[in-house]
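Here the structure comes first, spelled out in structure tokens, and everything after it is commentary.
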Amino acid sequence: MSRANTTSKPARGFRVPGLSLRRREAIEAWLMTSPTIIGFAIFFLGPLIAVMVYSMAEWNLLSRKMTFVGLANYTDALTVNADFWQVMGNSVIFAAGLVPLNMALALALALCLSRPFFGVVFFRTIFFAPVVTSAVAWAIVWKFLLQGEAGAVNQMLASVGIDGPNWLREPDWAMAAVIVTRVIKMVGLNMILYIAALQTIPRDYEEAARLEGATHWQVFKMVIWPLLAPTTLIIMVITTIGSFKVFDHIYLMTGGGPENGTLVLAFYIYQQAFEFFEVGYASALAIIMFVIVLALTLVQFALRRKQVR
Amino acid sequence: MTTKQWRTLNRVLWTVSLLIAAVPFVFPFLWMLSSGFKSASEIFGQPSLIPTVWHWENFVEVFQYQPFARQYFNSVYIALSVTGLTLIIASLAGYALARLRFAGAGLLMLFLVSALMVPEEVTIVPNFFLIRWMGLTDTHLPLILLPVFGPHGVMATFLMRQYFVALPKELEEAGRMDGLTTLGVWWKIALPMSRPALAAVAIITFLFSWNLFLEPLVFLSSLELFTLPLALSNFTDPYGAPLWHLQLAATSLAVLPILAVYIIAQRQIVESFAMSGVKG
Amino acid sequence: MKTTLMSCAAACALALGAMGSATAEDLRFTVWTGNDAHLAMLNGIAESFTETHPDVTVSFETIPAGDYTQKLTFQIAGGNTPDLGWMFEDAAPAFIDAGVIENVGPALKAMDGYDFADFSAPAMKLWVDGDAVYGIPFSTSPFMIYYNKTMFDAAGLEDPLALAAKGEWDMDAFRAAAKTLAENGSWGFDFKDGEGYDSRILHALMPPIRAYGGYAWKDGDCGFDNPEAIEAVTVLHDMVFKDKSIVPPGESGDFFSGGSAMTINQISRASRLTDAGFEWGIAPLPTGPAGESPVIGQAGIVVFAEGDQKELATEFLAHMTNAQNVEIMAQFFPPARKSVLESGVLVEANERIPADQMENVADAIENGSVLPSSKNMPQILAALKPRSDALWRPDADVTKALGAICAAIQPQL
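Residue numbers (my numbering), protein chains in the order written: chain G, 97 to 405; chain P, 1177 to 1456; chain S, 5 to 417.
Spelled out as structure tokens, the structure:
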């Protein structure tokens, strides 16, 4: 601020003399973020610390018996419990299948629906409908459609000569079915994010490229995709984190089966906490999940930094 | 074929393909709506979209079974409160994180992001004890406080931050030169410019609060205080088996407002997500 | 004189009022129904309690059935234990083992006119342990066979009810009927509520296993790998995969929509048949080499050990489960009291099911046995499910699969 400009009004508010601009900014910043920070501390940080404490105890919510066991829950999960690694594997497979499929489909839909044309609003709503359909209704319908014999999916496959598997009763196919149905249900959200991002890309860039004779694919690869990179990163992070937390969809579709083939970590944690009431063990599992997801997130951010360079 | 004919053919093919692709998306939704009109025995027969007999009385029975209208109202006002509070708090913090430089900003953001990574099945236990200690069980307050200040609030803060970062600084600097404090700039300049982002956060937050199940289950006891997801799971016979015709009719009623809001605000959402500078 | 009388009356009124508010008490009772009709009935019973206990109010708190046990656990853990509550049969042993349920045996047995012996012994099996009584079942509902009479007639078969009357309704007849009916277009038999593979696994296996004289577990011994159980499950397995008469895993054939000719369920499901497009009836379970063996599903009322009004709660429990009120509840919940069963109230109370079929229901309550129970039920079911998935494959070796089941659940028994 130029002192020579005598018509400017002095700054209101923090008129404490001697406080530098930087200091003032810092105080204002902390004040403005204080509701978020205080609320976060009470309703998340506190409970998180509590969860870490619980994770070091054997605590049954029903019997109220609590005994401190140090890291026993962790060693139990990682070394003794045979189920844990199967569950971990399922979670990783689920995420690895869901995230690329979701993002690719979201992008494809967004590319189709980002330019205005007659009926675009209608279609955007249709592809968003699953997001607001109740999880229960969604599972009922898909379980019906995926029947081994009478299901519509297999009947359609049969009409082209393919013998479809009993989708929800074969461990591997069940995982595929659960992933695909989850993607269809949630892709509408990412689609909207991509549509918005696409709309900020100035048309001139695309036009210029096209004038130079680029094909659709080249335009996409050279112009659109790079400009979408930041969006892609955020969506990937959120979708990855979300895919590790999916529980109710799997619970309703397969109950974790068949043969625990779709038992993912979030489901396992639910079982421990809400069916067996073993809060201590569930807390340890949650902390393990937290560490893994945090690691994955940091990796994704690091990769992006590398890309930018 | 002329270019015009080619273009029309193209458009028709495009539309038809989209319609075919849309079938798996919209079929369950339509089934859910039509099942509300079916009798209990018909629902699990062939999944037809047209009921053989239109049981309009299902919808009447929904309101007679439990204080459904009251529960509907609960969900609405809680969602509106959560949305309103989140918008204010998230935009305040988001603006600070975007514009003001202060020590610890990076670390703070890392802390906040980590909130998204812990499943709520586990944090609900200590939260339950906390709310109990505060004496707030069987009230709606925890249903408002937890979404606003919990992981979802954090995500909202980040969205707002991204948007503010993308805003051109000139207007704000002009405001400063006019003598406004940071708060003044926020209120008079940044917020009005960020209406699309606010709309986006509003939609997601409303949807999030509308669908909450675990928190109401754990904190509420009185039937009149229930919110919709809880009320929906309560349409059961004395043995706990769901009364599907009632549950699906009620679910259809519960879904329509959100869909209506989405359709209306769709324009805003798209623009706002664009402006939310999700470019990082 | 008048003023003296008036002031006397006022003083008396005040005194009475003070006494009233000093003794006003409120009992909190958790249930899983929010249905107006049920609550009206329950509130009626609470009203009649005030005849002997004025100034006591009972408030019924609804917790959705699907999360009832979880929510109750949270309440207890949070120090907000209700005074009484309904309890699912599969959760009761864990709660009893955790010590959160009050032993009401001594109090109830000592009560005048309560007539504890009136309760059918098999029905009480789940709730008593020696002399201790941990709860009173308010609903004792046997598993019955629902059959589609229209389909049976069309196939020229005698329906199960007629066969049962002649004593010919056994597992062989069941298998033959299912096969014939399946050949006629629809499925022959659907497991309870269309489940039996992902959930309700015990509901699917227990009736035949019991008919063949087997058991699930007893005193820490797993019964699934015993010859009787193997025989029973093999019959079921063949019906699913060889005869193709039972709805196989991954398919649906809902009885109530006309998708299958028979199913097994409790009488409460008759409400799904109000506008069924076919004639139907209810028959007893098919007998097996071990004779008749009805299976009962239950729910009970318990008093919580950490409530602060246990005596009053126990008195209300006694009131709610006395003969008079059990009769009132019989309109919704089949009773466990022999006197009420024999009075014919149950048989007449049901509007959808004719009296002769309800007789079989009453018989089953008196003679049936409850489903297997354990304090580790959730863990057992979690261990059971994947092994059950392995059993229900077309190429499974039934003996081996059952052995694997036993190996998996043994640590929990």
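We treat Cβ as the ideally placed atom computed from N, Cα and C, and that holds for glycine.
- Query: If you count every other CB in all the chains shown that lies within 10 Å of the CB of TRP1362 of chain P, and 16 or more means buried, which is it?
  - Reply: buried
- Query: Just curious, the beta strand (DSSP E) that TYR1415 of chain P is in, first and last residue?
  - Reply: No beta strand (DSSP E) holds TYR1415 of chain P; DSSP gives it neither H nor E.
- Task: Would you mind sorting TRP1190 of chain P into buried or exposed? The rule is 16 or more other CB atoms within 10 Å of its CB.
- Result: Of the residues assessed, TRP1190 of chain P falls on the exposed side of the cut-off, its CB having fewer than 16 other CB atoms within 10 angstroms.
- Message: Looking only at its chain, what residues have a beta carbon closer than 7 Å to the beta carbon of SER1210 of chain P, apart from the 5 residues adjacent to it on each side?
- Response: LEU1225, ILE1226, PRO1227
- Nearest-angstrom beta carbon gap, ALA265 of chain S and ASN190 of chain S [assumed within contact, 8 Å]: For the sequence presented, residue 190 of chain S should be read as Ser rather than Asn. Right, the Cβ-Cβ distance comes to about 6 Å (below 8 Å), so this counts as a contact.
- Message: Output needed for GLU29 of chain S: all residues of its chain with C-beta closer than 7 Å, excluding positions within five of it in sequence on either side, in chain order.
- Response: ASP59, VAL60, GLN313, LEU316
- Within its chain, find whatever has a CB closer than 8 Å to the CB of LEU417 of chain S; leave out the 5 residues flanking it on each side and keep chain order. TRP221, GLY224, ASP225, CYS226, SER378, ASN380, ILE384
- Query: Which residues in the same chain as ARG418 of chain S place their Cβ atom closer than 7 Å to its Cβ, once the five residues preceding and following it in sequence are excluded?
  - Reply: Not covered by the structure: residue 418 of chain S. The range shown for chain S is 5 to 417.
- Query: So, is VAL389 of chain G buried or exposed, given that buried needs 16 or more other C-beta atoms within 10 angstroms?
  - Reply: buried
- Should ARG356 of chain S be flagged as near chain P, meaning a C-beta pair shorter than 9 Å? no
- Item | Enclosing beta strand (DSSP E) for GLY192 of chain S [first to last residue] | 191-194
- Item | C-beta neighbour in chain P for TRP36 of chain S, strict 9 Å | yes
- Nearest to ASP174 of chain S (by Cα), restricted to the options S:GLY304, S:PRO290, S:TYR151, S:PHE78: S:PRO290
- Give me whichever residues DSSP pairs with PHE123 of chain S in a beta bridge. S:ARG341
- Put THR221 of chain G into one of helix, strand or coil per three-state DSSP. helix
- Query: DSSP three-state call for ILE1320 of chain P: helix, strand or coil?
  - Reply: helix
- Under the three-state DSSP convention, the category GLU29 of chain S falls into: Collapsing the DSSP output to three states places GLU29 of chain S in a strand.
- Task: Starting from the beta carbon of MET1336 of chain P, find every residue of chain G whose beta carbon is closer than 7 Å, and list them in chain order.
- Result: The premise fails here: MET1336 of chain P is roughly 11 Å from chain G at the closest Cβ pair, so nothing lies under 7 Å.
- Message: Quick check on MET349 of chain G - is its C-beta less than 9 Å from some C-beta in chain P?
- Response: no
- Message: Output needed in chain order: residues of the segment 313-342 of chain G with a Cβ under 9 Å from some Cβ in chain S.
- Response: none
- Please report how far the alpha carbon of ASP101 of chain S lies from the alpha carbon of ALA158 of chain S, in whole angstroms. 52 Å
- List the residues of chain S that GLY376 of chain G touches, going by C-beta distances under 9 Å, in chain order. In chain order: nothing, as chain S lies at least about 13 Å away.
- May I ask you to report which of helix, strand or coil DSSP gives PRO253 of chain S? Reduced to three states, the DSSP call for PRO253 of chain S is coil.
- With DSSP run on the structure shown, which of helix, strand or coil describes LYS161 of chain G? coil
- Item | Complete alpha helix (DSSP H) runs within the segment 41-128 of chain S (minimum length 4 residues, chain order) | 72-81, 96-101, 109-114, 125-128
- In chain order, which continuous runs of the beta strand (DSSP E) of length 3 or greater are located wholly inside the segment 300-356 of chain S? none
- Message: Just to confirm the assignment, what range does the alpha helix (DSSP H) spanning ALA200 of chain G have?
- Response: 178-209
- Task: Look at the Cβ atom of GLU1297 of chain P, then the Cβ atom of ALA382 of chain G, and state whether they are nearer than 9 Å.
- Result: Yes; because the gap between Cβ atoms is below 9 Å, this pair is in contact.
- Query: In angstroms, rounded to a whole number, what distance separates the CA positions of LEU1359 of chain P and TYR1253 of chain P?
  - Reply: 28 Å
- Under a Cβ-count criterion, where at least 16 other Cβ atoms within 10 Å of its own Cβ denotes burial, should MET252 of chain G be classed as buried or exposed? exposed
- Query: Can the beta-carbon of GLY1329 of chain P be found closer than 9 Å to that of PHE136 of chain G?
  - Reply: Result yes, Cβ atoms of GLY1329 of chain P and PHE136 of chain G sit closer than 9 Å.
- Item | 6 Å CB neighbourhood of ALA1425 of chain P in its chain, flanking five on each side removed | Once the five neighbours on either side are set aside, the close Cβ partners of ALA1425 of chain P are GLY1212, ASN1234, PHE1235, VAL1238.
- Of the residues G:SER116, G:VAL147, G:PHE140, G:PRO131, the one placed nearest ALA369 of chain G, counting alpha carbons only: G:VAL147
- Message: Going by DSSP, what residue range makes up the beta strand (DSSP E) through THR144 of chain S?
- Response: 140-146
- Inter-residue Cα distance where the pair is VAL1289 of chain P and ILE337 of chain G: 11 Å
- Alpha carbon to alpha carbon, how far is SER249 of chain S from LYS341 of chain G? Give it in angstroms, no decimals. 40 Å
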